[in-house]
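Notes follow once the structure below has been shown.
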Amino acid sequence: MPELPEVEVVRAGLAPAVTGALVLGATVLDERALTRHTGDGAEFEARLTGRVVLSAARRGKFLWLPLQPATDGTAATDAVVGHLGMSGQMLLRAPGAPMERHERVRIDLAHPVHGELSVVFADQRTFGSLAIDDLIPTADAAAGGQGWAEASVPAQVAHIARDPLDPAFSDGAFRRTLDRKDSAIKRVLLDQTVVSGVGNIYADESLWAARIHPETPARALSTRAVKRLLAEVRHVLEKALAEGGTSFDAQYVNVNGQAGYFAHSLNAYGRTGEPCPRCGRPIVRVSFTNRSSHFCPHCQRMPRSLPVTR
DNA sequence: CATGCGTCCTGTGGGC
DNA sequence: TGCCCACAGGACGCAT
């Protein structure tokens with residue numbers, strides 16, 4: 001589901017509620033929610049109880065809650081990692097609140113200022129999951145991600161590239177990677193080891209804005225086109241974030257269960273047959289890589305010839 | 001090594 | 001009305 005803007009909305013909502021809070025207990029209702037965790041539900045609950053949450057962090061579509069080390073004075077060494085998958089939600093609830101539909105895990109917290117509250121992980125399709133994972137140093141020694149100034153990331157997030165809104169994202173490295181890719185640019189945008197946070201909606205929206213055909217081989221893009229694309233990716237992600245993310249239904253909501261407004265701003269995604277806002281010709285939908293791509297065949301043309309070398 | 005496909009789930013909406 | 005298929009915002013493992 002959720003792509004960077006939706007996940008960032010969740011992170012920003014969690015941060016003030018969980019930072020500094022003590023874990024009173026955890027309840028795993030469905031162990032399928034722990035597919036990223038090495039132990040079982042009871043082990044997860046026991047290992048989390050009594051710990052203090054230091055922050056709410058994010059890189060791309062991954063979230064994590066760094067935990068205070070048992071012996072203080074040192075850097076954090078582990079965290080609760082979460083991925084929302086296609087349908088995951090993180091909801092803030094009052095203590096003892098009734099069980100949510102599709103509730104998988106509940107974490108009960110005591111915050112020094114806000115008092116007791118619960119973080120509920122609900123997930124219809126169970127593609128999302130939580131885990132307790134070790135923090136390891138970042139390869140570039142920069143901060144781990146949004147909301148986490150220490151130079152560490154959960155081990156299972158280490159292979160995820162920085163996202164385009166991360167100050168440590170390297171535009172030059174991104175451009176050089178594209179030069180080596182024969183794959184369609186859309187596929188590369190969805191490859192979280194190249195650039196993280198972009199999913200099917202924002203890939204289509206960014207390519208529409210940059211006037212690039214989704215099946216253009218990545219290496220066929222000029223340096224100028226790559227710069228334009230990166231600028232549009234950032235613009236789309238920031239605008240969506242400012243509007244609270246994209247919600248087509250009640251599935252994609254913030255920690256208080258509220259929907260975002262960006263669906264009204266979509267130019268290509270989900271607008272099959274509707275007029276392109278730029279040229280008026282119909283948006284088409286094609287299927288490749290087992291996913292839908294929406295674009296304007298008039299505004300987004302394939303390059304006539306591919307550069308032999310750049 | 002890089003690339004592309006199938007698979008893990010539940011639910012909804014449209015067509016017949 | 002009811003049934004069945006297609007499709008849904010993701011990521012990973014495995015085959016080629």
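Using full-length UniProt numbering, you'd call the opening residue of the first sequence number 1 and step up by one each time.
Cβ coordinates follow ideal geometry from the N, Cα and C atoms, glycine included.
Asked                                                                                                                                                                                  : Found
Given a cut-off of 9 Å on the beta-carbon distance, is the pair Ala209 and His235 in contact?                                                                                          : yes
Over the uninterrupted alpha helix (DSSP H) stretch that includes Arg271, give me the two end residues.                                                                                : First-last for Arg271: undefined, no H or E at that position.
Specify whether the segment 121–131 and the segment 45–53 touch according to this definition: at least 3 beta carbon pairs, one from each stretch, less than 8 Å apart.                : no
How is the alpha helix (DSSP H) around Ile185 delimited, first residue to last?                                                                                                        : 185–190
Determine the DSSP secondary structure at Ser206, reduced to helix, strand or coil.                                                                                                    : helix
Could you compute how far the alpha carbon of Glu232 sits from the alpha carbon of Gly25?                                                                                              : 43 Å
For the segment 148–163 and the segment 105–114, state whether three or more C-beta atom pairs, one from each stretch, are separated by less than 8 Å.                                 : no
Relative to the alpha-carbon of Gly41, which residue among Leu29, Arg51, Val52 has its alpha-carbon at the smallest distance?                                                          : Leu29
Can you confirm whether the segment 241–249 touches the segment 292–305 when touching is taken to mean that 3 or more C-beta pairs between the two stretches lie within less than 8 Å? : no
Counting C-beta neighbours from all protein chains within 10 Å, is the total for Phe288 16 or more, i.e. buried, or is it exposed?                                                     : exposed
With DSSP collapsed to three states, give me the class of Arg59.                                                                                                                       : strand
According to DSSP, is Glu100 part of a helix, a strand, or is it coil?                                                                                                                 : coil
Closest to Arg51 by C-alpha separation, out of Phe62, Arg228, Arg36, Val18, would be which residue?                                                                                    : Val18
When we look at the beta-carbon of Arg101 and count the other beta-carbons within 10 Å, is it buried (16 or more) or exposed?                                                          : exposed
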